[in-house]
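One structure is given here, and the rest of the page talks about it.
In this note's numbering, the protein residues as written are 2 to 146.
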């Protein structure tokens, strides 16, 4: 596969405008990526980098997980002592959750509304340039927080 073609498979972007007439003014919203992964999820274990081209309008996590990161035990002073502490786990908002409808979701963006429309332009890229083939994106869901 040519190098330029391979690099296109490791990234995608979402560019939309959140219309002021479909959201409540002066409200903080969270945007969730709704998706499904293929059977082989190994490509999706690394965090996906997210860049916000309209950073003035919202905030986002610098990366998201499409698969929950594994719990890494901490080896204690004695070789056979496992001192895993759940407080050392990643505690950001960018962890995926299973939905009741069978899809997964992960929070990707947060924004405050005014009386005007809000532009959303998010760029997602695998940090190791791995192929994201098989990722099914259903859409973006907005919810007040």
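Yeah, the Cβ is synthetic: ideal placement off N, Cα and C, and Gly gets one too.
What separation, rounded to the nearest whole angstrom, lies between the Cα atoms of residue i and residue j?
i: residue 19; j: residue 127; result: 26 Å
i: residue 24; j: residue 112; result: 11 Å
i: residue 52; j: residue 144; result: 21 Å
i: residue 134; j: residue 41; result: 10 Å
i: residue 115; j: residue 27; result: 5 Å
i: residue 30; j: residue 70; result: 25 Å
i: residue 21; j: residue 146; result: 17 Å
Mapping the DSSP letters down to three states, classify residue i as helix, strand or coil.
i: residue 22; result: helix
i: residue 29; result: strand
Out of the options, which has the shortest C-alpha to C-alpha gap to residue i?
i: residue 47; options: 28, 11 and 120; result: 11
i: residue 103; options: 95, 138, 114 and 130; result: 138
i: residue 140; options: 28, 27, 32 and 22; result: 32
i: residue 55; options: 101, 97 and 120; result: 120
For residue i, count neighbouring Cβ atoms within 10 angstroms of its own Cβ and tell me buried if that reaches 16, exposed if not.
i: residue 107; result: buried
i: residue 65; result: buried
Do residue i and residue j have their C-beta atoms closer together than 7 Å?
i: residue 38; j: residue 109; result: no
i: residue 14; j: residue 124; result: yes
i: residue 68; j: residue 45; result: yes
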